[in-house]
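*Asks:*
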Amino acid sequence: MSVAPLSAAQAAAVRSLAQNKRVRVITAGGDERRARSFLNHAEEAYANIANVSGNLVKHDLAYAVMHDVGEAMLAAYGFRTAPGIGQHDAVARFLAAIFDSPPPSEAAGRVDDARRNRNDRYYRAHTPSAAETKLAVEDAHILLTAARARLAD
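The sequence shown: position 95 = 553 (the working numbering), numbered continuously.
(1) Just the C-alpha distance for R491 and R473, rounded to the nearest angstrom, thanks.
(2) Please report how far the alpha carbon of Y535 lies from the alpha carbon of R579, in whole angstroms.
(3) Residue ranges of each beta strand (DSSP E) run of no fewer than 3 residues wholly in the stretch 532-594, ordered along the chain?
(4) Within 10 angstroms of the Cβ of N575, are there 16 or more other Cβ atoms? Answer buried if so, exposed if not.
(5) Leaving out the 5 sequence neighbours to the left and right, which residues in its chain are closer than 6 angstroms to A520 when beta-carbon positions are compared?
(6) Decide if the stretch 465-472 is in contact with the stretch 549-564; the criterion is three or more beta carbon pairs, one per stretch, under 8 angstroms apart.
(7) Please classify I543: is it buried, with 16 or more other beta-carbons within 10 angstroms of its beta-carbon, or exposed?
(8) Go ahead and label P586 buried or exposed: buried means 16 or more other beta carbons lie within 10 angstroms of its beta carbon, across all protein chains shown.
(9) Across which residues does DSSP place S460 in a beta bridge pair?
(10) Just verifying my parser: in three-state terms, what is the DSSP assignment at R491?
(11) Can you give me the C-alpha to C-alpha distance between D518 and A486, rounded to a whole angstrom?
(12) What separation, rounded to the nearest whole angstrom, lies between the Cα atoms of V481 and R538?
(13) How long is the line joining the alpha carbons of V510 and H546, rounded to whole angstroms?
(14) Going by DSSP, which residues form a beta bridge with V523?
(15) Can the beta-carbon of A522 be found less than 8 angstroms from the beta-carbon of A503?
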């Protein structure tokens with residue numbers, strides 16, 4: 459696995475996340491097995507979106523793709539989220555740090571919105587709208603495509 463190097467700005471943003479204890483360094487060279495595993499999870503979840511008709515489960519799958527892409531990117535660059543509250547937020551921030559140009563930057567900027575919609579589903583009995591679901595699915599595709607490009611074979 460070949461991981462695209464971070465630009466100076468991306469590296470600075472990631473360092474800031476580490477300094478603020480949002481992410482922690484696990485291995486300097488990255489964890490290819492973990493990165494591939496999470497990317498495979500994202501691929502499987504994305505492939506199943508087409509098999510679902512309702513917004514509720516479709517949105518959950520789209521968010522799962524985004525989260526697994528984030529975990530794959532963390533692992534590829536040798537990081538994990540720090541333990542404790544805010545791990546999903548840290549994944550979203552990491553995605554925003556490494557995908558810093560459109561369209562992936564725009565999709566990364568909406569990961570936390572998708573997380574909130576997912577939380578509203580579980581804790582407030584909210585069903586995501588068709589528009590929220592469509593956007594989440596589009597963003598999942600954009601981030602998955604960007605991750606594939608960063609993790610070339």
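C-beta: ideal position from N, C-alpha, C; glycine also.
*Replies:* On the basis of the coordinates in this document:
(1) Locating residue 491 in the sequence shown gives position 33, where the first residue counts as 1. Locating residue 473 in the sequence shown gives position 15, where the first residue counts as 1. Straight-line Cα distance between these residues: approximately 23 angstroms.
(2) Taking the sequence shown and counting its residues from 1, the one referred to as residue 535 is at position 77. Taking the sequence shown and counting its residues from 1, the one referred to as residue 579 is at position 121. Rounded to whole angstroms, Y535 to R579 spans 32 angstroms at the Cα level.
(3) The stretch 532-594 is shown to contain whole beta strand (DSSP E) runs of 3 or more residues at 537-539, in chain order.
(4) Here residue 575 is taken as the residue at index 117 of the sequence shown, counted from 1. By the neighbour-count rule (16 or more Cβ atoms within 10 Å), N575 is buried.
(5) As a working mapping, residue 520 is identified with position 62 in the sequence shown. When the five nearest sequence neighbours on each side are left out, the beta carbons in the same chain lying within less than 6 angstroms of the beta carbon of A520 are those of A594, V595 and A598, in order along the chain.
(6) Segments in contact, yes.
(7) Within the sequence shown, residue 543 is the residue found at index 85, counting from 1. I543 should be labelled exposed.
(8) Indexing the sequence shown from 1 puts residue 586 at position 128. Buried.
(9) If you number the sequence shown from 1, residue 460 lands on position 2. Its beta-bridge partners are A610.
(10) Residue numbering aside, residue 491 sits at position 33 when the sequence shown is read from its first letter. Looking at R491 - three-state DSSP - the assignment turns out to be helix.
(11) By 1-based counting over the sequence shown, the position of residue 518 is 60. By 1-based counting over the sequence shown, the position of residue 486 is 28. Each residue's alpha carbon lies about 32 angstroms from the other.
(12) Sequence index remark: in the sequence shown, residue 481 carries index 23 (1-based). Sequence index remark: in the sequence shown, residue 538 carries index 80 (1-based). Put simply, the backbone Cα of V481 is about 6 angstroms away from that of R538.
(13) Here residue 510 refers to the residue found at position 52 of the sequence shown. Here residue 546 refers to the residue found at position 88 of the sequence shown. If I take the Cα positions, the gap works out to 24 angstroms.
(14) Taking the sequence shown and counting its residues from 1, the one referred to as residue 523 is at position 65. Beta-bridge pairing links V523 to no other residue.
(15) As a first step, residue 522 must be located in the sequence shown, where it is residue number 64. As a first step, residue 503 must be located in the sequence shown, where it is residue number 45. In contact: A522 and A503 (Cβ atoms closer than 8 angstroms).
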